[in-house]
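A.B. asks: Got a structure for you, questions after.
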DNA sequence: GGCAGCCTGGTT
DNA sequence: AACCAGGCTGCC
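In my numbering, the protein residues as written are 1 to 232.
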């Protein structure tokens, strides 16, 4: 990516975010979107912390630098000539942010998708929910990941939307889930993994009812749920 | 829709 | 050596 697209010489006007995408918007209108993927990290530090460095920025008046590392290279940077172009892309490619999704918006997104687990992983339905928080949200809402989307209407859609908002907000409150790689921009590990009710707990007892949690591949991802609390 | 494939690295 | 992983695209 040319240096100009990396915002060289820019003055940062603001940051923006929807779901898992973060945008650095410059005063001249350029915008750079960062997607971390599974192993990416973006942080301020005086030196890199790993070998898989893809971009670095120096900031006037600061000794530390901004670093983008991504060992697995599932993440990426996308440059936009204007913030409006970026927002248009977000509107096309992303649903409502998970922290703000409501039942009506969720119901709309569910149309045409078969299983609710697949729907929650689709960023056009809700932006910001991945495999961990999909399973956690479904457990909190008491909905089986195998439920057909067409059966989730009205009150169930409301409670699922509320569960998504709650799960994401709680995880953020705990600094995110550090299974292995995740670190904050301040290079700290999160601790939300200690409050996961189902993710990573296949075969262990459900914290609500004690039944052993089921684990199976759904929508191509390991999925864990309680067949008693959430139904088969 | 489902799913292989993209990568590296950690675990079994 | 084989398998698994927090995501996403594109191919069927």
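Built from N, CA and C at the ideal position, the CB exists for glycine as well. The structure displayed is predicted, hence computed values, not measured ones.
(1) Is it true that the stretch 39-53 meets the stretch 61-73, where meeting means three or more beta-carbon pairs spaced less than 8 Å apart?
(2) Can you list, in chain order, the stretches of the beta strand (DSSP E) that have 3 or more residues and sit fully within the stretch 31-92?
(3) On the three-pair Cβ rule with 8 Å, is the stretch 82-92 touching the stretch 187-196?
(4) Are there three or more Cβ pairs, one per stretch, closer than 8 Å when the stretch 44-57 is compared with the stretch 100-117?
(5) Just list the residues that DSSP pairs residue 215 with in beta bridges.
(6) Around the C-beta of residue 82, are 16 or more other C-beta atoms found within 10 angstroms, so that it is buried, or is it exposed?
(7) Measuring only the C-alpha atoms, how far is residue 176 from residue 167?
(8) Within 8 Å, do at least three Cβ pairs link the stretch 107-119 to the stretch 142-149?
(9) Whose C-alpha, out of 159, 185, 198 and 60, is nearest the C-alpha of residue 9?
(10) Considering only C-alpha positions, which residue in the set 117, 212 and 217 is nearest to residue 227?
(11) Sorted by chain position, which residues of the same chain lie with C-beta nearer than 6 Å to residue 138's C-beta, five sequence neighbours on each side aside?
(12) Grab me the residues of residue 54's own chain with a C-beta within less than 7 Å of its C-beta, minus the 5 sequence neighbours each way, in chain order.
(13) If you follow the alpha helix (DSSP H) that residue 143 is in, where does it begin and where does it stop?
(14) Can you determine whether any heavy atom of the ligand MG sits closer than 7 Å to the C-beta of residue 143, and answer yes or no?
C.D. replies: Let me spell this out:
(1) yes
(2) 31-35, 41-45, 53-58, 65-69 and 76-80
(3) no
(4) no
(5) 224
(6) exposed
(7) 11 Å
(8) yes
(9) 60
(10) Of the candidates 117, 212 and 217, the one whose C-alpha sits nearest the C-alpha of residue 227 is 212.
(11) 145
(12) 68, 69 and 70
(13) Premise fails: residue 143 is in no alpha helix (DSSP H) and is neither H nor E.
(14) By its list of ligands, the structure shown contains no ligand whatsoever, and the ligand MG lies outside what it can speak to.
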